[in-house]
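Data first, discussion second: the structure below is written as structure tokens.
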Amino acid sequence: MLTISDGAFNLIVTEEDSDEAYYTRHYQHFDWPQGASGPTIGIGYDCGYVTAAEARADWAGIVDDTAIGAIVAACGIKGEAAGAFVRAHGASVTIAWDQAIDEFRNREVPKWIGRVSASLSNLDSLSPDSLGALVSLAYNRGCSFDLPGPRYGEMRAIKTLMASQNFARIPAEFLSMQRLWPKGGDLWKRRAHEAALFQKGLAVARAP
14 MLTISDGAFN LIVTEEDSDE AYYTRHYQHF DWPQGASGPT IGIGYDCGYV TAAEARADWA
74 GIVDDTAIGA IVAACGIKGE AAGAFVRAHG ASVTIAWDQA IDEFRNREVP KWIGRVSASL
134 SNLDSLSPDS LGALVSLAYN RGCSFDLPGP RYGEMRAIKT LMASQNFARI PAEFLSMQRL
194 WPKGGDLWKR RAHEAALFQK GLAVARAP
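So for the sequence shown, my numbering puts the first residue at 14; every next one is plus one.
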């Protein structure tokens with residue numbers, strides 16, 4: 014069974030929401046990260062990109078039916094419409110930190126490991142750290158390993174390198190992606206953190 018490391022789990026949570034105190038101040042209710050994002054809750058859970066059925070399955074047993082109804086109402090809304098939705102309905106749901114962590118650990122992580130596994134070969138040859146770096150990347154950028162155009166060149170390269178088991182070259186692809194975001198910004202830094210985690214995982218995998 015494929016799993017990610019605690020270090021990878023903590024990296025994604027930190028990159029998405031910082032820590033419990035920051036989350037409580039800023040992310041207990043719907044947020045709109047702008048751009049093409051939808052109303053977002055929990056640990057980077059973007060309602061714009063899930064169906065109502067997925068949302069019900071993801072949050073069942075974690076929040077009550079009223080909260081699930083509010084989450085479902087946000088599903089499929091993206092871009093400026095999402096911004097308007099959050100301004101009008103931002104406080105319609107409250108997700109406590111423990112609930113957010115529960116959903117992420119038990120629903121999102123298995124889901125995204127499965128999605129990455131469906132996109133990339135040879136994952137079973139990676140350590141939990143290296144796998145976790147790829148899951149973090151996909152959680153942020155989607156499983157866009159086949160998309161055309163220069164914006165996704167490194168994503169396609171990672172798929173090729175995974176297929177050839179040329180794992181040592183993959184951290185450089187994370188770093189090459191930094192060109193897409195302002196130097197020193199959050200996503201620029203996130204790619205560096207993912208590259209370092211993948212590299213750390215390679216060292217563990219090589220150890221006797």
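All residues carry an ideal CB built from backbone N, CA and C; glycine is no exception. Computed from a prediction, not measured in an experiment: that's the story for all the values here.
Residues bridged to T53 (per DSSP): Along the sequence shown, read from residue 1 onward, the residue named residue 53 stands at position 40. Bridge partners of T53: D44 and D59.
Hey, S149 and I25: beta-carbon distance below 7 Å or not? One-based indexing of the sequence shown puts residue 149 at position 136. One-based indexing of the sequence shown puts residue 25 at position 12. Yes, they are a contact pair.
With contact counted as at least three CB pairs below 8 Å, one residue from each stretch, are the segment 33 to 40 and the segment 79 to 89 in contact? no
Given a threshold of 16 other Cβ atoms within 10 Å of its Cβ, counted over all protein chains shown, does P161 qualify as buried or as exposed? By one-based count along the sequence shown, residue 161 stands at place 148. Looking at its Cβ environment, which holds fewer than 16 other Cβ atoms inside 10 Å, P161 is exposed.
Buried versus exposed call for I61 [16 or more other C-beta atoms within 10 Å across all chains shown]: The count along the sequence shown starts at 1 and reaches residue 61 at position 48. Checking the sequence, you will find Gly at residue 61 rather than Ile. The residue in question, G61, is buried, as its Cβ has 16 or more Cβ neighbours within 10 Å.
Around the C-beta of V217, are 16 or more other C-beta atoms found within 10 angstroms, so that it is buried, or is it exposed? Here residue 217 refers to the residue found at position 204 of the sequence shown. Exposed.
What residues in its chain sit with their C-beta under 8 Å from that of L15, if we drop five residues either side in the sequence? Taking the first residue of the sequence shown as 1, we reach residue 15 at position 2. Closer than 8 Å at Cβ, skipping near neighbours: I126, S130, L136, D137 and L144.
Roughly how many angstroms separate the alpha carbons of T79 and S177, rounded to a whole number? To locate residue 79, count along the sequence shown from 1; it is residue 66. To locate residue 177, count along the sequence shown from 1; it is residue 164. Their Cα atoms are separated by approximately 48 Å.
Cβ shell of Q191 (< 6 Å), same chain only, five flanking positions each side left out: In the sequence shown, counting from the first residue as 1, residue 191 sits at position 178. Same-chain partners within the cutoff: W201 and R204.
Since I believe F187 is in contact with L215 (beta carbons under 8 Å), could you give me their beta-carbon distance rounded to a whole number of angstroms? The residue you call residue 215 lines up with position 202 of the sequence shown. The residue you call residue 187 lines up with position 174 of the sequence shown. Not a contact, Cβ separation roughly 12 Å.
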